[in-house]
Amino acid sequence: MHYPEILSIQPKPEEFAYDDRFTMLYALGVGVGAAREDLQYVYEKDLKALPTMAVLMANAAGAFIEQGGIDYSMIVHGEQRLTIHAPLPPTGRMTSQARCLGVVDKGAKAGALVHIESVISDAVTGAPHATTIMTLFCRGDGGFSGPTDGALPLEDVPDREPDMEIVLPTLPQQAALYRLLGDRNPLHIDPDIATSVGFPGPILHGLCTYGIACRAVIQGCCDGDPNRIGSFDVRFSSPVFPGETVVTRIWRDDDRIAFECHVAERGKTVIRNGSCKLRG
Numbered sequence: 564m565h566y567p568e569i570l571s572i573q574p575k576p577e578e579f580a581y582d583d584r585f586t587m588l589y590a591l592g593v594g595v596g597a598a599r600e601d602l603q604y605v606y607e608k609d610l611k612a613l614p615t616m617a618v619l620m621a622n623a624a625g626a627f628i629e630q631g632g633i634d635y636s637m638i639v640h641g642e643q644r645l646t647i648h649a650p651l652p653p654t655g656r657m658t659s660q661a662r663c664l665g666v667v668d669k670g671a672k673a674g675a676l677v678h679i680e681s682v683i684s685d686a687v688t689g690a691p692h693a694t695t696i697m698t699l700f701c702r703g704d705g706g707f708s709g710p711t712d713g714a715l716p717l718e719d720v721p722d723r724e725p726d727m728e729i730v731l732p733t734l735p736q737q738a739a740l741y742r743l744l745g746d747r748n749p750l751h752i753d754p755d756i757a758t759s760v761g762f763p764g765p766i767l768h769g770l771c772t773y774g775i776a777c778r779a780v781i782q783g784c785c786d787g788d789p790n791r792i793g794s795f796d797v798r799f800s801s802p803v804f805p806g807e808t809v810v811t812r813i814w815r816d817d818d819r820i821a822f823e824c825h826v827a828e829r830g831k832t833v834i835r836n837g838s839c840k841l842r843g
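Heads up: the sequence shown is residues 564 to 843, going by our numbering.
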């Protein structure tokens with residue numbers, strides 16, 4: 564890793580234009596469409612965008628990986644944070660401006676953390692819609708004598724039984740659908756690639772699991788209204804395989820939500836330290 568140079572990398576703002584077809588495809592990509600209450604995401608009449616769609620508009624990680632000298636083959640998407648300033652319209656044109664918030668040197672054996680922030684704004688008015696923070700776990704880039712603190716905090720779930728559980732299935736072709744949104748990493752579609760890196764088969768995109776978790780919180784805590792999501796933060800702990808069932812355990816304290824997700828078939832926790840703040 565090129566440190567401290569990575570902190571001064573300034574990617575050009577990126578523009579992201581989308582139509583109602585993209586908004587509907589995102590919803591289908593995260594498993595929406597099987598229930599009547601899902602029509603708001605897949606029918607152009609009164610169409611709404613899921614809030615987690617905003618993370619697809621923050622595409623600057625490549626600049627930091629390439630210019631920052633990070634070993635791409637050793638990167639894991641460790642954490643994802645999202646703050647909603649205003650709901651995304653179902654069609655629009657956005658700009659995304661990224662910067663490196665900081666890095667954490669965990670040592671030569673443990674790797675490094677890189678925090679990349681993107682501010683997503685309306686391309687016409689400049690009004691902000693969302694801020695995302697992607698944390699990359701760079702397993703091959705520790706030991707560069709950088710700062711050893713600076714990890715961004717995430718909240719633990721309460722030490723009690725959850726207030727509810729929301730069960731959402733995934734399709735066997737879920738990853739094939741989700742990759743049409745832009746992330747065509749063959750790890751999510753090619754069995755030979757997946758087995759070559761130690762998985763029994765293609766894995767679901769982490770951000771697809773992220774969207775499924777948000778659906779669960781909307782269903783369980785927002786009366787089905789996606790515009791009530793104010794923030795949505797998670798730590799990824801294990802992949803989901805397409806066709807598995809995601810169970811989201813939810814703890815509610817007024818407008819503050821804690822959650823974690825596991826797959827029913829294996830009992831494996833796939834999202835930890837989930838937290839959400841509700842709007843309105």
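Using N, Cα and C, we set each Cβ at its ideal position, and we do this for glycine too.
Note that the coordinates shown come from a computational prediction; the quantities given were computed from them, not determined experimentally.
Pair within 8 Å by beta-carbon distance, residue i and residue j
i: Pro754; j: Ile813; result: no
i: Leu750; j: Pro765; result: yes
i: Asp601; j: Pro653; result: no
i: Glu828; j: Ala686; result: no
i: Gly793; j: Lys831; result: no
i: Leu744; j: Leu619; result: yes
Counted within 10 angstroms of its Cβ, other Cβ atoms place residue i as buried (16 or more) or exposed
i: Thr668; result: Note that residue 668 is Asp in the sequence shown here, rather than Thr. That one is buried.
i: Pro805; result: buried
i: Pro567; result: exposed
i: Asp712; result: exposed
i: Ala621; result: buried
i: Arg644; result: buried
i: Gln603; result: buried
i: Ser681; result: buried
i: Glu629; result: exposed
i: Leu651; result: buried
i: Thr698; result: buried
i: Gln737; result: buried
i: Glu552; result: The shown model of the chain, from 564 to 843, leaves out residue 552, and the question about it has no answer.
i: Thr811; result: buried
Local conformation of residue i per DSSP, three classes
i: Ala757; result: helix
i: Ser684; result: strand
i: Gly774; result: helix
i: Gly703; result: coil
i: Ala821; result: strand
i: Thr615; result: helix
i: Arg791; result: helix
i: His692; result: strand
i: Arg742; result: helix
Per DSSP, the bridge partner or partners of residue i
i: Phe799; result: Ile834
i: Gln737; result: In the DSSP output, where bridge partners are listed per residue, Gln737 has none listed.
i: Ala661; result: Ser681
i: Asp668; result: Ala675
i: Arg656; result: Ala580
Checklist entry - Three or more C-beta pairs closer than 8 Å, one from the stretch 702-712 and one from the stretch 784-798: is that the case here? => result no
Checklist entry - Does the count of Cβ pairs from the stretch 648-665 and the stretch 611-629 closer than 8 Å reach three? => result yes
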